[in-house]
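This report concerns only the one structure given below.
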Amino acid sequence: MSIRGKTAIVGIHEYESRFDPFASYLSIQADSARRALDDAGLTIKDVDGLFSHAGWTLAEYMNLYPKVMDTTQMGGGSYEFFIAHAAAAIAAGHCEVALITHGQTARSEQRNTGTRGTTSRTVPFIPDSFEAPYGTTTVGSYAMVARRHMAQYGTTSEQLAEIAVATRKHASTNPFAVFRDPITVEDVINSRMVSDPLHLLDCCIISDGGGAVIVTSAERAKDLKHDPVYVLGTGQAVAHPGIGNRDITFIAAAQSSGRAFAEAELTPEDIDMAMIYDSYTITVMCGIEDLGFCEKGEGGSFVENGTLNIDGRLPINTDGGGLSSNHPAGRGIFLLFESTRQLRHERSENQVPDCNVAVAHGTGGSILARHSGGTVVLGRNHY
1 MSIRGKTAIV
11 GIHEYESRFD
21 PFASYLSIQA
31 DSARRALDDA
41 GLTIKDVDGL
51 FSHAGWTLAE
61 YMNLYPKVMD
71 TTQMGGGSYE
81 FFIAHAAAAI
91 AAGHCEVALI
101 THGQTARSEQ
111 RNTGTRGTTS
121 RTVPFIPDSF
131 EAPYGTTTVG
141 SYAMVARRHM
151 AQYGTTSEQL
161 AEIAVATRKH
171 ASTNPFAVFR
181 DPITVEDVIN
191 SRMVSDPLHL
201 LDCCIISDGG
211 GAVIVTSAER
221 AKDLKHDPVY
231 VLGTGQAVAH
241 PGIGNRDITF
251 IAAAQSSGRA
261 FAEAELTPED
271 IDMAMIYDSY
281 TITVMCGIED
291 LGFCEKGEGG
301 SFVENGTLNI
311 DGRLPINTDG
321 GGLSSNHPAG
331 RGIFLLFEST
341 RQLRHERSEN
351 QVPDCNVAVA
361 HGTGGSILAR
371 HSGGTVVLGR
381 NHY
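Be aware that the sequence shown starts at 1, since it is given in my numbering, and climbs by one per residue.
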C-alpha cells in the first residue's frame with residue numbers, strides 16, 4: 001500500500017536550548033509535544049499514536065493512552081522510520097493523530113560521545129570478534145570511510161571542508177545555533193586533527209535538544225493552522241555489519257532513497273533542498289552520492305563552487321545541521337523540522353526560493369559497520 005500524499009506533517013516544535021542542565025529527556029519531549037500540538041491547532045486529547053524511544057515512560061508522563069505505540073530504535077535515522085510508520089498507521093486507520101518526540105541532554109550530562117568503540121556490548125557479536133579488538137572509536141570508523149573515499153575516488157580534505165563551510169554559513173542566521181561565526185575551508189583544514197583525515201570542524205557538536213512532530217491524515221490536515229507538508233514517499237534500509245566484505249563508501253541511503261523516490265513518483269532532480277544527517281562531513285558526502293544527486297565518487301566535485309548554498313544547486317542542512325547548530329544524538333528529527341519550515345516558506349532568512357519538494361535522510365549507527373538509513377520525501381502538494 002502506497003502512503004503517497006495520504007498524510008501530512010501539521011505541527012512541529014524544536015526545543016530551542018542547546019544547553020539546559022535543568023531539563024530532562026522527558027521534560028524536553030513533553031514540552032515540545034505541547035508546543036507542536038499548539039502549532040498544529042490540536043490538543044493532547046487528539047493524540048492516539050505515540051512514536052518515541054521514551055515509550056510507555058513518556059505516555060505515563062503525559063497521561064497518554066495511545067492506540068498505536070512505536071519505539072523503533074534505529075539510531076539517528078529513527079525519526080524518518082517513525083514518519084514512515086506513522087504515515088502507514090494513519091493511512092490504515094489505526095490512529096488519527098501521531099505524536100513523534102525526541103529529547104536528549106548529552107551536553108548537560110557531559111557525555112564523551114564518539115570516543116568509545118563502535119561495537120561495545122555486553123554479549124559479543126560474531127563480526128565484532130574480528131573488528132572490535134583493533135580499537136576503532138566512532139569517529140575513527142567515520143575517518144576510515146573518509147580515507148577510503150579519498151583513496152578510491154580522489155576526494156580531498158578541502159572538498160569535505162566545503163560541507164562544513166556551507167552549513168556554518170546557514171547557521172549564521174540561526175539564532176539558536178551553537179556556532180554561527182563564518183568559517184573557511186582553510187579554517188577547517190587548520191582545525192585540530194581528531195582522526196585522520198577528519199578535523200575538528202569535520203565533526204558534529206554535542207548539545208542538548210529535542211522536539212516533536214505531529215502527523216495526521218491529509219484530509220484532516222486541510223482544516224488545521226498551517227499549510228500541510230505532505231509525506232510523499234518513505235524508504236527504510238539497514239547496512240549489515242562486517243567491514244571486510246563490502247564497499248564501505250556506500251551507505252544505507254543507496255537502498256532507502258530509491259524506495260522513497262519510487263513511492264513519491266519523483267527523482268532527485270525534483271528535489272529543491274535536502275536535509276542530510278551530518279554526524280561528520282563524510283556522512284553528508286556519502287549521502288549526497290547515495291541519494292542520487294550525483295554519481296558515486298563525484299561527491300567531491302559536486303560540493304564545490306557553492307552548490308550547497310541557499311542559492312546553489314542543492315541547498316543542504318539550511319539550519320546549520322549537526323556540524324554547527326546542534327547534535328544531541330538522534331538528530332534525524334531536526335531534519336524534519338527544517339524541511340517543514342522550508343516547505344511552509346517560514347524562514348525569514350535562509351529560505352530556499354520556490355521550495356516545493358524536500359528530502360530528509362537520517363542515518364543511525366556507524367556508516368563503517370551496521371547502520372540504518374531512513375529517507376522521507378516531503379512536499380507542499382499531493383503531486
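Where a beta carbon is used, it is the ideal one built from N, C-alpha and C, also for glycine.
Run through DSSP, which three-state label would residue i get?
i, result
"Gly362", "strand"
"Tyr153", "helix"
"Thr118", "With a pLDDT of 46 at Thr118, under the threshold of 50, the modelled position of that residue is not reliable, and the figure given next carries that caveat. Coil, per DSSP."
"Met285", "helix"
"Val123", "Bear in mind that the predicted position of Val123 carries a pLDDT of just 46, short of 50, making it unreliable; the figure below should be weighed with that in mind. Coil at Val123, not helix or strand."
"Ser217", "strand"
"Tyr277", "coil"
"Val139", "helix"
"Ile28", "helix"
"Ile316", "strand"
"His170", "helix"
"Thr340", "helix"
"Asp270", "helix"
"Ile367", "coil"
"Gly330", "coil"
"Asp223", "coil"
"Ala177", "coil"
Quick check: what's the CA-CA separation for residue i versus residue j?
i, j, result
"Leu323", "Glu219", "37 Å"
"Ile100", "Lys296", "33 Å"
"Val377", "Pro328", "24 Å"
"Gly209", "Ala177", "11 Å"
"Gly312", "Gly306", "6 Å"
"Ile367", "Val145", "8 Å"
"Glu96", "Thr267", "29 Å"
"Glu109", "Leu26", "14 Å"
"Leu64", "Phe22", "24 Å"
"Gly103", "Asn350", "26 Å"
"Ser207", "Thr173", "18 Å"
"Thr105", "Ala91", "34 Å"
"Ala166", "Ala143", "20 Å"
"Phe293", "Glu269", "7 Å"
"Met285", "Ile316", "11 Å"
"Thr375", "Gly77", "8 Å"
"Ile205", "Glu186", "19 Å"
"Asp20", "Gly211", "14 Å"
"Thr136", "Val194", "13 Å"
"Arg168", "Asp272", "20 Å"
"Ala86", "Asp70", "9 Å"
Could you pull the start and end residues of the alpha helix (DSSP H) that residue i belongs to?
i, result
"Ile310", "It is not in any alpha helix (DSSP H) - Ile310 carries neither H nor E in the DSSP assignment."
"Ser195", "Segment Met193 to Ser195 is the beta strand (DSSP E) holding Ser195; no alpha helix (DSSP H) there."
"Val188", "Val185 to Asn190"
"Glu263", "Ala253 to Ala264"
"Phe302", "Gly299 to Phe302"
In the DSSP assignment, find the beta strand (DSSP E) that holds residue i and state where it starts and stops.
i, result
"Gly292", "Neither: Gly292 is in no beta strand (DSSP E) and is coded neither H nor E."
"Thr375", "His371 to Gly379"
"Val231", "Val229 to Ala239"
"Ala8", "Thr7 to Glu14"
What residue ranges within the stretch 40-107 form continuous beta strand (DSSP E) runs of no fewer than 3 residues, ordered along the chain? If we require 3 residues or more, the beta strand (DSSP E) runs fully inside the stretch 40-107 come out as 49-51, 68-70 and 97-105.
Requested in this report: Count the C-beta pairs between the stretch 158-170 and the stretch 300-320 that are closer than 8 Å, then say yes if the count reaches three, no if not.
Outcome: The stretch 158-170, when compared against the stretch 300-320, does touch it at the 8 Å Cβ threshold.
**OP:** Would you check if there are 3 or more beta carbon pairs closer than 8 Å linking the stretch 16-30 to the stretch 244-264?
**Re:** Proximity of the stretch 16-30 to the stretch 244-264 falls short of the contact definition, fewer than three beta-carbon pairs being nearer than 8 Å.
Could you tell me whether the stretch 2-18 touches the stretch 225-233, using the rule of 3 or more Cβ pairs below 8 Å?
-> A contact is defined here as three or more CB-CB pairs under 8 Å, and the stretch 2-18 meets this definition with respect to the stretch 225-233.
Across the stretch 47-64 and the stretch 191-201, are there enough close Cβ pairs to call them in contact, namely three or more that are closer than 8 Å? Between the stretch 47-64 and the stretch 191-201 there are fewer than three C-beta pairs closer than 8 Å, too few to call the two in contact.
Quiz item: Can at least three beta-carbon pairs, one atom from the stretch 75-87 and one from the stretch 356-366, be found at a separation below 8 Å?
Solution: With the cut-off at 8 Å, the stretch 75-87 and the stretch 356-366 touch.
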